[in-house]
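Protein sequences appear in the order of chains A and B. Going by this note's numbering, the first sequence opens with residue -16, and the numbers climb by one from there. Going by this note's numbering, the second sequence opens with residue 7, and the numbers climb by one from there. Idealized CB from N, CA, C, for every residue including glycine. Computed from a predicted model, the values in this text were never measured in an experiment. Only one structure is covered here, and it is reproduced in the block below.
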Amino acid sequence: MFKRLGDTGATLTVTIDGKPVRARIGDTVASAMLVAGIDRCRTTPVSGAPRAPYCLMGVCFECLVSVDGVGSRQGCLVPVRDGMKVETQLGKREAGR
Amino acid sequence: MNVSELAPSYDLIVIGGGPAGLAAAATAARAGLATVLFDENPTVGGQIYRGITANPVRNHAILGDDYWAGSALATEAKNSGALVVNGATVWSLDRTLTVGVSIAGEARLVSGKRIIIATGSLERPFPIPGWTLPGVMTAGGAQTVLKAQGLVPTGRTVLAGNGPLLWLLAAQILRAGGKIEAIVDTGTRRNWLRAAMFLPDFLLSPYFKKGLALLREVKAKALIIPGTRIAAVGSDKLTEVDVDGRRLPADLLLLHQGVVPNVNLAVAAGVPHRWNGRQLCFVPVLDGDFQSSVPGIAVAGDGAGIAGGTAAAERGRIAAIAAVRALKPDARIADPQAARQRLQREEMGRAFLDELYRPVAELRRPEGETIVCRCEEVTAAQIRETARMGCEGPNQMKSFLRCGMGPCQGRLCGLTVTELIADERGTTPDEVGYYRLRPPVKPITLGELASLPVSEAERRAVER
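So this is what it looks like as structure tokens:
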């Protein structure tokens, strides 16, 4: 969906759902996902529909992901760090789980 | 920065690091007030000057001179003596002027003698069928990652809506070498008639020349399709945009129909708000110094009503001068008259822009299965039916449908819900009112709450 304008900034590596993804200093978790072509970051708690970043300014809460084990972080407000572990969220609660 | 480095109290606490917040903090700190500025984002600039201190976009022509003008403001704040804290989420503000703030997972309560809320604006909800699909974003969102991370859309990109930001973003994408398949223009001829009477003022405003040049630049290069019946189509992500039955294949749809004040913190702090019929949103009730009726709390910038980034900075200065005069009557501080005159000039063309880019009714008051509350997936039909059953306002609507009770706390549905209820009940949005909002206005973890310092007396009060 998005590409970088230039090759500026040092690179680092985060994992998203266990897979290594290259990002840059200055990226947020959400911007790193957009460049990596990851087109969903969670499913909703109501219908289980997929969602992706929408506003990228901290107001819509669509880009909620788990960051280093803490759930429901706003991906657009969290700067990436080398070695960061990001996981997409399954929103719908299932009985017995 | 760690919360333990914060003082227990400051003369002035500024919330938000956009133009209003930066100008307010700089003005107050230079006059000798102990000032702290809390900004939620990784770097200052707010939305309009997003990423201004660490921008990866080297070609300055892409974002334009108006964007780069923001760096002077960021430098001014940095050198003013104000403590500027990024990554600081303010989740509470009350009438005692106590601010709840979290930094890096730890929280503190900090008190101020004066508070300036400078939390700016957010994009008006754009409730169309399919707007929750991955691949649909706000125009402002695309601009945010262009400014802060240097990202340009790839694939088939469609823009839809109206307003200065939509056209600016289109120009910026094109300058950056991006492609735009089409711009769906939701403007109407009727708006031109409404706007015409404000044209003389607009001709004198700084926006006239810039706006005209921008429209020419975009219209020479992009396909413009008029239309107001828009739907995002796809099963689990966007594949097409439907405009009046015409299907445009698309990978990315960027929506925009103006910006509205981000009222959550001010409403939760008890600042009264009224419906503004021209801007079609709730704005705080303020005096000429941007002070609210809650003693000590001011609201500056676009949060006080939409007027743009340059006006926001002037409002920040005016609010800060009032704080300085109240707390340090002997301090040397500029007369606010100069800032008021600059502000007046900035606001001159606003009525014209508001009328010209007034979003059409069908894109503010959806029908049928269109989702209104994205968090709780509540549809327009459900809200309309519940209003017809007798539900009188947004707060009762929460009990019926849970709309506005998800993590965004009504930011993406509040105005739509108010307008739908007013529509169904044949009354005005002012009568219907807005969601009652309470702290925490941003979600915080139990761990953050538990990190608040506890006094011996507080501990004894609950321990046996």
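query	result
is_contact[V12 (chain A), chain B] using C-beta, thresh 7 Å	no
Residue-chain proximity (Q53 (chain B), chain A), Cβ-Cβ < 7 Å	yes
The alpha helix (DSSP H) enclosing G27 (chain B), as first and last residue numbers	25 to 36
Residues bridged to I303 (chain B) (per DSSP)	B:I121
Exposure of P335 (chain B), with buried meaning 16 or more beta-carbon neighbours within 10 Å	exposed
Identified DSSP bridge partners for A19 (chain A)	None, per the DSSP bridge assignment.
Closer than 9 Å at the beta carbon, the chain B residues around A35 (chain A)	L139, P140, G141, V142, M143, K243
C-beta contact flag for T125 (chain B) and S108 (chain B) at 7 Å	no
Proximity test, Y213 (chain B) beta-carbon vs the ligand GTP heavy atom, cut-off 6 Å	Ligands in the displayed structure: none, and consequently the ligand GTP is not present.
R56 (chain A): first and last residue of the uninterrupted alpha helix (DSSP H) it sits in	Where R56 (chain A) is concerned, there is no enclosing alpha helix (DSSP H), although the beta strand (DSSP E) it sits in stretches over 53 to 57.
With 16 other Cβ atoms within 10 Å as the buried cut-off, status of P206 (chain B)	exposed
Nearest residue (CA-CA) to S117 (chain B), options B:R181, B:V269, B:S98, B:F132	B:S98
Three-state class that DSSP yields for K334 (chain B) in the structure shown	coil
At least 3 beta-carbon pairs within less than 8 Å: the stretch 304 to 316 of chain B vs the stretch 276 to 294 of chain B	yes
Touching by the beta-carbon criterion (3+ pairs, under 8 Å), the stretch 183 to 190 of chain B and the stretch 159 to 170 of chain B	yes
Distance between beta carbons of G322 (chain B) and A78 (chain B), contact taken as under 8 Å	About 14 Å separates the two Cβ atoms, so there is no contact after all.
Contiguous alpha helix (DSSP H) assignments of at least 4 residues, all confined to the stretch 385 to 414 of chain B	386 to 395, 400 to 407
Proximal chain B residues relative to D65 (chain A), where beta-carbon distance stays under 7 Å	Chain B residues near D65 (chain A): none, gap ~16 Å exceeds 7 Å.
Supposed close pair A13 (chain A), P36 (chain A) - CB separation, criterion 8 Å	4 Å
Secondary structure, beta strand (DSSP E): runs of 3+ residues fully inside the stretch 251 to 281 of chain B	252 to 255, 258 to 263, 265 to 267
Reference E437 (chain B); option with closest CA among B:L443, B:A345, B:P445, B:A428	B:A428
Span separating the alpha-carbon of G41 (chain A) from that of K448 (chain B)	10 Å
Reduced DSSP category for T316 (chain B) - H, G, I as helix; E, B as strand; rest coil	helix
Length-filtered (4 minimum) alpha helix (DSSP H) runs lying within the stretch 156 to 209 of chain B	170 to 181, 195 to 202
CB contact below 7 Å: C46 (chain A) versus chain B	no
Meets three-Cβ-pair contact criterion under 8 Å: the stretch 267 to 283 of chain B and the stretch 380 to 390 of chain B	no
Simplified DSSP state of I327 (chain B), which is helix, strand or coil	helix
Option nearest G22 (chain B) by Cα separation, candidates B:N8, B:N92, B:A13	B:N92
CB contact check: M(-16) (chain A) to chain B, cutoff 7 Å	yes
Cβ-based burial, Q388 (chain B) [other Cβ within 10 Å; buried from 16]	buried
Reduced DSSP secondary structure (H/G/I, E/B, other) of A94 (chain B)	strand
Three-way DSSP call (helix, strand, coil) for P435 (chain B) in this model	helix
Alpha-carbon spacing of S86 (chain B) relative to V468 (chain B), whole angstroms	44 Å
Enclosing alpha helix (DSSP H) for L39 (chain A) [first to last residue]	L39 (chain A) -> no alpha helix (DSSP H), and no H or E assigned at all.
DSSP state of F44 (chain A) mapped onto helix, strand, coil	coil
Within chain B, partners of G41 (chain A) - CB distance below 7 Å	E46
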